[in-house]
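Okay, so the sequence shown: first residue is 1 according to full-length UniProt numbering, each after it adds one.
By construction, the Cβ of each residue, glycine as well, lies at the ideal position given by its N, Cα and C atoms.
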Amino acid sequence: MRKILDKYLWRSYRKISTVSYWVIRRFTPTGKVVLALMFFSGLLGIDIQQVQSYQLFIISFVLIAIAFISVLTKKCILKADRNLPRYACVNEDMQYQITLYNVGKKNIGKIFILDEAADPRPTLQSFINTQEPRNVTRSRFDRFFRFPRWRWLLEKNTIVKPIITEVETIKSKSQVIITASLKPLRRGVVALKTIIVLLPDNFGIYCAIKKIPCYQSLTVLPKRYSVPSLSLSAKRQHNQGGVNNASSVGDAQEFTSLREYQAGDSIRNIHWNSWAKTAQPVVKQYQEEYFSRYGLILDTFGNDDKLEQFEEAVSIAASYVYSLNELDTFIDLMFVSDKAYQISSGRGMVQRDNMLEVLAAVTARKNKDFNNLLSLITKNLNILSSAIIVLIDWDKNREALLKLLQLNNTPYHAFLIRSNNNAQAKVSYHEYNITELYVDNIETGLSVL
Numbered sequence: 001m002r003k004i005l006d007k008y009l010w011r012s013y014r015k016i017s018t019v020s021y022w023v024i025r026r027f028t029p030t031g032k033v034v035l036a037l038m039f040f041s042g043l044l045g046i047d048i049q050q051v052q053s054y055q056l057f058i059i060s061f062v063l064i065a066i067a068f069i070s071v072l073t074k075k076c077i078l079k080a081d082r083n084l085p086r087y088a089c090v091n092e093d094m095q096y097q098i099t100l101y102n103v104g105k106k107n108i109g110k111i112f113i114l115d116e117a118a119d120p121r122p123t124l125q126s127f128i129n130t131q132e133p134r135n136v137t138r139s140r141f142d143r144f145f146r147f148p149r150w151r152w153l154l155e156k157n158t159i160v161k162p163i164i165t166e167v168e169t170i171k172s173k174s175q176v177i178i179t180a181s182l183k184p185l186r187r188g189v190v191a192l193k194t195i196i197v198l199l200p201d202n203f204g205i206y207c208a209i210k211k212i213p214c215y216q217s218l219t220v221l222p223k224r225y226s227v228p229s230l231s232l233s234a235k236r237q238h239n240q241g242g243v244n245n246a247s248s249v250g251d252a253q254e255f256t257s258l259r260e261y262q263a264g265d266s267i268r269n270i271h272w273n274s275w276a277k278t279a280q281p282v283v284k285q286y287q288e289e290y291f292s293r294y295g296l297i298l299d300t301f302g303n304d305d306k307l308e309q310f311e312e313a314v315s316i317a318a319s320y321v322y323s324l325n326e327l328d329t330f331i332d333l334m335f336v337s338d339k340a341y342q343i344s345s346g347r348g349m350v351q352r353d354n355m356l357e358v359l360a361a362v363t364a365r366k367n368k369d370f371n372n373l374l375s376l377i378t379k380n381l382n383i384l385s386s387a388i389i390v391l392i393d394w395d396k397n398r399e400a401l402l403k404l405l406q407l408n409n410t411p412y413h414a415f416l417i418r419s420n421n422n423a424q425a426k427v428s429y430h431e432y433n434i435t436e437l438y439v440d441n442i443e444t445g446l447s448v449l
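Quick look at the structure:
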């Protein structure tokens, strides 16, 4: 019975959102005012004795009707090309260029341009199965009709908000380059499918729409915080990987001495000039490589009620990827998705932009197999100088993770992201180096460290 009701609600909300999108796109700000006047005067005009309301309804209706008929003749023949940057970042407005080609025989007057992303409305399965994080605090009315869930899923799927750009005139057989804007709202990869051209009528009330196919994808990187420098007493560890890794951090730019060849030495290390002079094989002796290596451990284990904490955890992890930019520092991002992942970043290795791309797409896992993460960390303990851990919950598995680092004498700092629900249980962390941060107050919590 509940599934039947949910299916009905989902269809109803989709239809309502379709009408809402149509009004938002088709009517200009002036047109929305005229439409509102027509609606409210129509309600009051039911009583024919209300002459002024009736007259206002007629006038606004006629204006909209004339505008609707006039845009039927509005046509344009345009081609478009979009020049996107490689990345955008949450809460940082992004500007980019769109080139419009008027291939028609007539000049095009004032028009409006905006991009169209993929449909953010949730699927039926998502609407039925996904729990809104704050569902437990909702009223019975909200839990029954599930409109807050619909609205939350809609916001969750809306990665960018297009901003309308006005274009004055495009002459026949010519092109113009305009600067368009997007406001990134969520991390992720967004598909920009079409460029929408809005052709307003002469009264500036109603718009005809022309869609120009122009598919591109854009990666929106996680939100950035100003994170503190943590005093982790990170020591420079010996790491295998040869001279390539060491030279990238400045520890072995050239060999330190020469010695006689020994069985097992690489042919690439032979010093051919010395061999020619001494008639004995001589090899180059290199300095051992030592550098700092930070483990950045992201907790991805959480149900739907932990999604807000997870998003903030990803943002904090991304912020440390930005901030740990010393040349002699390597970062190992470790988390579990469909399998356990370890992504190493540093000079001579994966670029940190690629690590940020991974964080832009990572998702939370409902599977509670935390042992996969523990196994990954155990395997890499010997190469880590220190660790930064971002947790979204606290239980025996998370506690075992911190104990593992303590037993190995690995310096660490853990962040525990908590919801703003005051009813949640208070836990003592006196044994561990943990900082509590709350979802709606992350920046303040980081600033006091």
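Rounded straight-line distance, which links the Cα of K15 to that of I77: Taking the straight line from one Cα to the other gives about 31 Å.
Y21, buried or exposed, once every other Cβ within 10 Å from all chains shown has been counted against 16: exposed
Local Cβ density within 10 Å of N273, reported as buried at 16 or more and exposed below that: exposed
Q285 vs S323 beta-carbon contact at 8 Å: no
Within 8 Å, strictly: CB atoms of F415 and L391: Yes, the Cβ-Cβ distance between F415 and L391 is below 8 Å.
Which residues DSSP lists as bridging K161, in chain order: K183
Buried or exposed (CB count within 10 angstroms, at least 16 for buried), residue 475: The requested residue 475 is not part of the displayed model; the chain covers only 1 to 449.
Burial state of D119, where buried means 16 or more other Cβ atoms lie within 10 Å: exposed
Inter-residue Cα distance where the pair is T194 and I159: 16 Å
Separation of K7 from I128, as counted between CA atoms: The alpha-carbon of I128 is positioned some 8 Å away from that of K7.
Sequence-distant residues of the same chain with beta carbon closer than 8 Å to K3, five excluded per side: I128
Own chain partners of R138 with C-beta closer than 8 Å, once the 5 adjacent residues on each side are dropped: E132, P148
Entirely enclosed alpha helix (DSSP H) segments - the region 103-151, minimum 4 residues: 124-129, 140-145
C-beta contact flag for A191 and S217 at 8 Å: Yes, these two residues count as a Cβ contact at 8 Å.
Which residues DSSP lists as bridging N354, in chain order: DSSP output for N354 lists no bridge partner at all.
Identified DSSP bridge partners for V197: I113, K210
Residue range of the beta strand (DSSP E) that includes T363: Note, T363: premise wrong, no beta strand (DSSP E); not H, not E.
Given L307 as reference, the closest of R186, L230, I209, C207 once Cα atoms are compared: Minimum Cα distance to L307 is reached at R186.
Residue range of the alpha helix (DSSP H) that includes M38: 29-44
Cβ-based neighbour list, I209, same chain, cut-off 8 Å, excluding 5 preceding and 5 following: R25, R26, I196, V197, L198, L199
Sufficient close CB pairs (3 or more, under 8 Å) joining the region 370-378 to the region 391-411: yes
Start-to-end residues for the alpha helix (DSSP H) that takes in S386: Note, S386: premise wrong, no alpha helix (DSSP H); beta strand (DSSP E) at 386-391.
Residue range of the unbroken alpha helix (DSSP H) whose run includes E308: Run containing E308: 307-323, per the alpha helix (DSSP H) assignment.
Beta-carbon proximity of L359 to A313, cut-off 8 Å: no
Between the CA atoms of E431 and L384 - distance to the nearest angstrom: Distance between the alpha carbons of L384 and E431: 21 Å.
Assigned exposure category for V51 - 16 Cβ within 10 Å defines buried: exposed
Boundaries (first-last residue) of the beta strand (DSSP E) holding F61: It is not in any beta strand (DSSP E) - F61 instead sits in the alpha helix (DSSP H) that spans 51-70.
Per DSSP, the bridge partner or partners of N83: Q97
Which residues DSSP lists as bridging D332, in chain order: G295, S344
CA-to-CA distance, I64 to F57, given in whole angstroms: 11 Å
Reference W150; option with closest CA among T123, K173, I343: T123
Identity of the residue in P85, G264, E260, I66 nearest P281 by Cα: E260
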